[in-house]
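Student:
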């Protein structure tokens, strides 16, 4: 078997980190980009993993919306109910946070277990 | 996400095997599908496409919305032979998104001076492949012209079902190679998978042009994975 470390960057891989957190008995939420329109910094399928204290790894944007996703994720960890979040262009009237690049993304946030 | 699904997914990724996490966005239930698992209907067709392209996305099937997250191992290219063609092929392949490793036991060829910034093994393929076995997300190009170096690696690539296997040499050279591979225990079907003469037929003349032809053929093989099998079954 090939050494996994050659091909997976385990120290930075969100799903590997989430598995480690799970073994430590932490409550975790996993956020996934499920749709993008226009210019989006991270492709569909990208993950952000969050624990109940708000620690996170990975990314679903270039840092534009991670803060909001973490806040929602803590809520998802508490309730156990998954959420679909949508973020668009930063616009004071319509959006609290947004993507300065002009794209839109949809992020699915679910609890692990 | 189901904790068991997360563990299974990570195990597949660590082993360099493709997997797709299928999530029902209506009720949040999910499961892991491995390459080769049979899934019927529209969902099955979408899963097969995701394995081929590596693209994740949503799909409507059976009146439900599923999100398919495709996790494909990084495709890579192993070149047997630190020759002139390889000097052009290594940087080209890296730019195209196929990291390269080079194996050549001839220390006069395998020098970091000739191959800066590339993983280079001045060893026999037998020794390197023992440490780093081939897999179906690896392409192998054998370009030494020397049966003592190429043959073992070619047989190993066929056994590991590498997505691309190419061998440098004329038709006459290849005919002799076929005899040797049969003697090593390769089947005729396996041998038919070898691209020889190597590279797409674009009239390549210089070493760099041959490198373009090889890289294009490897990309074609990667992007059409599974299509031949489907055509044969239809």
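Protein chains in written order, with the working numbering: chain A, 39 to 151; chain B, -18 to 215.
We treat Cβ as the ideally placed atom computed from N, Cα and C, and that holds for glycine.
Since the structure is predicted, the reported quantities are computational estimates derived from the model, not experimental observations.
Measuring straight from C-alpha to C-alpha, what distance separates residue -1/B and residue 57/B?
Tutor: Along the second chain, one-based indexing puts residue -1/B at 18. Along the second chain, one-based indexing puts residue 57/B at 76. Near 14 Å, if we compare the C-alpha coordinates of residue 57/B and residue -1/B.
Student: Got a sec, what are the start and stop residues for the beta strand (DSSP E) residue 39/B sits in?
Tutor: For this step, residue 39/B is matched to residue 58 along the second chain. Where residue 39/B is concerned, the enclosing beta strand (DSSP E) stretches over 38 to 42.
Student: So, residue 62/B versus residue 109/B, is the Cβ gap smaller than 8 Å?
Tutor: Mapped onto the second chain, residue 62/B falls at position 81. Mapped onto the second chain, residue 109/B falls at position 128. Not a contact, by the Cβ cut-off of 8 Å.
Student: Classify residue 198/B: buried if its beta carbon has 16 or more other beta carbons within 10 angstroms, exposed otherwise.
Tutor: In the second chain, counting from the first residue as 1, residue 198/B sits at position 217. With 16 or more Cβ atoms within 10 Å of its Cβ, residue 198/B is classed as buried.
Student: Any C-beta of chain B sitting closer than 8 Å to the C-beta of residue 82/A?
Tutor: Position 44 of the first chain, counting from 1, holds the residue named residue 82/A. Residue 82/A counts as touching chain B.
Student: Please list, in chain order, all residues of the same chain as residue 201/B whose beta carbon is under 8 Å from its beta carbon, the five residues on each side excluded.
Tutor: Stepping through the second chain from its first residue, residue 201/B is reached at position 220. The answer, listed in chain order, is 181.
Student: Against chain B, with Cβ distances strictly below 8 Å, would residue 49/A count as a contact?
Tutor: Start at 1 with the first residue of the first chain, and residue 49/A comes out as number 11. Not closer than 8 Å to any Cβ of chain B, the Cβ of residue 49/A fails to qualify, so no.
Student: Name, going along the chain, the residues of the region 53 to 73 of chain A whose beta-carbon falls closer than 7 Å to a beta-carbon of chain B.
Tutor: 53, 54, 56, 57, 60, 68, 70, 72 and 73
Student: For residue 174/B, which residues in the same chain have their Cβ closer than 8 Å to its Cβ, ignoring the five residues on either side in sequence?
Tutor: The residue given as residue 174/B occupies position 193 in the second chain. Shown here for residue 174/B: same chain residues with a beta carbon closer than 8 Å to its own, the five before and five after excluded, namely 139 and 146 in chain order.
Student: Exposed or buried, what is residue 155/B when buried is set at 16 or more other beta-carbons lying within 10 Å of its beta-carbon?
Tutor: One-based indexing of the second chain puts residue 155/B at position 174. By the 10 Å Cβ count, residue 155/B comes out buried.
Student: Of all the residues that make up the region 110 to 128 of chain A, which are near chain B by a beta-carbon distance shorter than 9 Å?
Tutor: Listed in chain order, the positions of the region 110 to 128 of chain A with a beta carbon within less than 9 Å of a beta carbon of chain B are 119, 120 and 122.
Student: Exposed or buried, residue 183/B, counting other C-beta atoms within 10 Å across all chains shown (16 or more means buried)?
Tutor: Along the second chain, one-based indexing puts residue 183/B at 202. The residue in question, residue 183/B, is exposed, as its Cβ has fewer than 16 Cβ neighbours within 10 Å.
Student: Which residues does DSSP list as the beta-bridge partners of residue 133/B?
Tutor: In the second chain, the residue the question calls residue 133/B occupies position 152. Looking at the DSSP assignment, residue 133/B forms no beta bridge with any residue, so it has no partner.
Student: I believe residue 72/A touches residue 81/A by the beta-carbon criterion, under 8 Å. Please report the beta-carbon distance rounded to the nearest angstrom.
Tutor: Against the first chain, residue 72/A aligns to sequence position 34. Against the first chain, residue 81/A aligns to sequence position 43. Going by Cβ atoms, the distance from residue 72/A to residue 81/A rounds to 11 Å, so no, they are not a contact pair.
Student: In terms of residues, what are the limits of the alpha helix (DSSP H) holding residue 59/A?
Tutor: Indexing the first chain from 1 puts residue 59/A at position 21. Looking at the DSSP string, the run of the alpha helix (DSSP H) that includes residue 59/A is 52 to 61.
Student: In chain order, what residues of the same chain have a beta carbon less than 7 Å from the beta carbon of residue 77/B, not counting five sequence neighbours either side?
Tutor: As a first step, residue 77/B must be located in the second chain, where it is residue number 96. Taken in chain order, the residues that qualify are 196 and 200.
Student: For chain B, is any of its Cβ atoms less than 8 Å away from the one on residue 40/A?
Tutor: By one-based count along the first chain, residue 40/A stands at place 2. Note that residue 40/A has pLDDT 37, beneath the 50 cutoff, so the model's placement of it is unreliable and the number below is only indicative. For residue 40/A, the answer is yes, since a Cβ of chain B falls inside 8 Å of its Cβ.
Student: Find the nearest neighbour of residue 143/B within the set 116/B, 129/B, 89/B and -3/B, judged by alpha-carbon distance.
Tutor: Start at 1 with the first residue of the second chain, and residue 143/B comes out as number 162. Here the closest residue by C-alpha is 116/B.
Student: As a quick exercise: from 170/B, 141/B, 132/B and 137/B, pick the residue whose alpha carbon is nearest that of residue 157/B.
Tutor: On the second chain, residue 157/B is found 176 positions in, with the first residue counted as 1. For the residues 170/B, 141/B, 132/B and 137/B, the minimum Cα distance to residue 157/B belongs to 132/B.
Student: So that I know if they touch, is there some Cβ in chain B lying closer than 8 Å to that of residue 148/A?
Tutor: Sequence index remark: in the first chain, residue 148/A carries index 110 (1-based). Yes, residue 148/A counts as interfacial toward chain B.
Student: Relative to the C-alpha of residue 204/B, which residue among 9/B, 1/B and 29/B is closest?
Tutor: Numbered from 1 along the second chain, position 223 holds the residue referred to as residue 204/B. Closest option to residue 204/B, Cα to Cα, is 29/B.
Student: Evaluate residue 97/A with the Cβ neighbour count: other Cβ atoms within 10 Å of its Cβ, from every protein chain shown; 16 or more gives buried, anything less gives exposed.
Tutor: On the first chain, residue 97/A is found 59 positions in, with the first residue counted as 1. Buried, by the Cβ-count rule.
Student: Name, please, each residue of chain B whose Cβ falls closer than 7 Å to the Cβ of residue 86/A.
Tutor: Along the first chain, read from residue 1 onward, the residue named residue 86/A stands at position 48. By Cβ distance, chain B contributes nothing, its closest Cβ being about 13 Å from residue 86/A, past 7 Å.
Student: Select from the region 57 to 88 of chain B all residues with a C-beta closer than 8 Å to any C-beta belonging to chain A, and list them in chain order.
Tutor: none
Student: Mind listing the chain A neighbours of residue 149/B? Cutoff is C-beta to C-beta under 7 Å, in chain order.
Tutor: Numbered from 1 along the second chain, position 168 holds the residue referred to as residue 149/B. Near residue 149/B there are no residues of chain A at all, since even the closest Cβ is about 26 Å away, more than 7 Å.
Student: For residue 144/A, which residues of its own chain have a beta-carbon under 6 Å away from its beta-carbon, when the five flanking residues on both sides are left out?
Tutor: In the first chain, counting from the first residue as 1, residue 144/A sits at position 106. Excluding sequence neighbours, residue 144/A sits near 72, 73 and 124.
Student: Out of 178/B, -5/B, -16/B and 187/B, point me to the one whose CA is closest to residue 52/B's CA.
Tutor: As a working note, residue 52/B is residue 71 in the second chain. Selected option, being the one with the closest Cα: -5/B.
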